[in-house]
Amino acid sequence: MKSPDKTLLPASATPWSGMPSHSRHLLNAFDSKSLRAWIYQCLLGLLIVAFSYWLYANVVENLRSQNIATGFGFLDHIAQFEIGEKLIAFTPRDSYLRALGVGLLNTLYVTLCGIALATLLGFSVGIARVSRNWLLARLAGGYIEMMRNIPVILQVIFWSVVIRNLPSPRDAIELGSLGFLTNRGLSFAVPAAHHGWLLAGTALLAAALISLILKRVARYVRESRGRSLPTGRLTLVAFIGLPLLVWWLSGAPAELDRPILRSFNFRGGFTVSPEFTALLLGIALYSSAFIAEIVRAGIQSIPKGQLEAARALSFSPWHMMRHIIIPQAMRVIVPPLTSQYVSLSKNSSIAVVVGYPELANISNTLMNQTGQALEVIAIMMVVYLTVSIVTSLLMNLFNRAVAIKER
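Counting from 1, position 275 in the sequence shown corresponds to residue 275 in full-length UniProt numbering; the numbering is continuous, with no gaps.
Printed below as a string of structure tokens:
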């Protein structure tokens, strides 16, 4: 029995060849993978927007049914609470917005101090980790393993307990002419208010600018004429000589504001609070262990042949580290170092366990007083996100500056 005849289509024909031309063009366009991907992404975006709107409307309706106000108008209300440690003036009659500003400045302050201390410790321990001295390398390894395997919050609590068990101000531990160490913090002498110190600080900033200009000039001379300039000595002279000269011309102020015991505490000088000290030590020591491992990996990424060549040319260990190892290791160190800086800035939020008034601690007080939990948490999220993004941008700029330029 023969099967019925079938009309064979040309090889170039499509299943919708008999359709009208405009329909055919539409279906042929839909065959494009890029068009289909674009359509699917648009549909997914619409679904996300619709879900977000539904979630927002549901939350607003539930808050309204419970008579909970929404919006950011509460930021103009009077705070009615005191902040113990602040970088700008604040009284209980100031607004909630200013209270958040005080918390933000405290967060940035402890973050910058933590980054500086963690970087200094991390580089020192990382270099010691690859030292040829057996004892020094083992001590550095033990420090790294201990610090990075103890949770940061436990380290902060540990330092808080240690500081709280120090002697009272009347039995203070004297640090010579530096100051006094008590359970109220570290009190030390600072220069008394005088315009000469301000001018000397300005001269120090000018010296930093001069050092950058000298570095660029030295690079130009080296690339164009093949000669090297003594930038190290010139920079040292600028950093030491210029501020000293300005200080001397402004009257050479030498008076110090020293801490003096009065009643139950020290007055005068400058006092670092126990809360700030515990938080700073906790987050800095914890991050320094990870930074040390990053530095060790960066140093060990340098080919051994370069180190052997430097030793053959009688380079001292200091010059070899400064001119050969660190400049090349920085391109390996900087990217993961950025992540550690971002993590350190976020770890500052655990200050609530020791009572340091940074952003998270003050935000917690705002939520308890106003009930505006969603708004306060949203502000915290935006602030920490902004700090992390700015940190990443600055470190990316630094990474480009230290990257090896290929011709």
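Here a beta-carbon is modelled for each residue, glycine too, at the ideal position from N, C-alpha and C.
Given 8 angstroms as the limit, is there contact between the stretch 266 to 274 and the stretch 228 to 248, that is, 3 or more CB pairs closer than that?
The answer is no - the stretch 228 to 248 does not touch the stretch 266 to 274, with fewer than three Cβ pairs under 8 angstroms.
So Q155 and Y286 are in contact, right, with Cβ under 8 angstroms, and what is the actual spacing, rounded?
With a Cβ gap of about 6 angstroms, Q155 and Y286 count as contacting.
Three-state secondary structure (DSSP) at G179?
Here G179 sits in strand by DSSP.
Classify Y96: buried if its beta carbon has 16 or more other beta carbons within 10 angstroms, exposed otherwise.
When all chains shown are included, Y96 counts as buried.
Assess, as a yes-or-no matter, whether the stretch 287 to 298 is touched by the stretch 316 to 333 under the definition of 3 or more beta carbon pairs within less than 8 angstroms.
Counting Cβ pairs under 8 angstroms, three or more are found: they touch.
Alpha carbon to alpha carbon, how far is W54 from A193?
Their Cα atoms are separated by approximately 59 angstroms.
From this set, R184, L359, G251, G185, which residue's C-alpha is nearest L198's C-alpha?
For the residues R184, L359, G251, G185, the minimum Cα distance to L198 belongs to G251.
Counting only runs that start and end within the stretch 328 to 383, where is the alpha helix (DSSP H) found for 4 or more residues in a row?
Runs of the alpha helix (DSSP H) inside the stretch 328 to 383: 359 to 370.
Within 10 angstroms of its Cβ, does N106 collect 16 or more other Cβ (buried), or is it exposed?
Buried: at least 16 other Cβ atoms inside 10 Å.
Can you name, in chain order, every residue of its own chain whose Cβ lies under 7 angstroms from the Cβ of M371, other than the five neighbours on each side?
Sequence inspection shows Gly at residue 371; the Met mentioned does not correspond to that position. Counting only Cβ-Cβ distances below 7 angstroms, and skipping sequence neighbours, we find I68.
Quick check on this structure: which residue in N183, L178, V152 has the alpha carbon closest to the alpha carbon of V162?
Looking at the Cα atoms, N183 is the closest of the given residues.
Straight-line CA distance for I389 to L344?
If you take the alpha carbons of I389 and L344, they lie about 13 angstroms apart.
Tell me the DSSP bridge mates of F188?
DSSP lists G179, F270 as partners of F188.
When you compare each of G282, H319, T91, R233 to L117 by their alpha carbons, which one comes out closest?
Per the Cα distances, G282.
Who pairs with D257 in a beta bridge, going by DSSP?
According to DSSP, which records beta bridges pairwise, D257 is partnered with V190.
Is the separation between the beta-carbon of M367 and that of V353 shorter than 8 angstroms?
Not a contact, by the Cβ cut-off of 8 angstroms.
Check I78 in the structure and name its three-state DSSP category.
Of the three classes helix, strand and coil, the one that applies to I78 here is strand, per DSSP.
According to DSSP, is N265 part of a helix, a strand, or is it coil?
Three-state DSSP puts N265 in a strand.
Could you have a look at I83 and say whether DSSP puts it in helix, strand or coil?
Three-state result, I83: coil.
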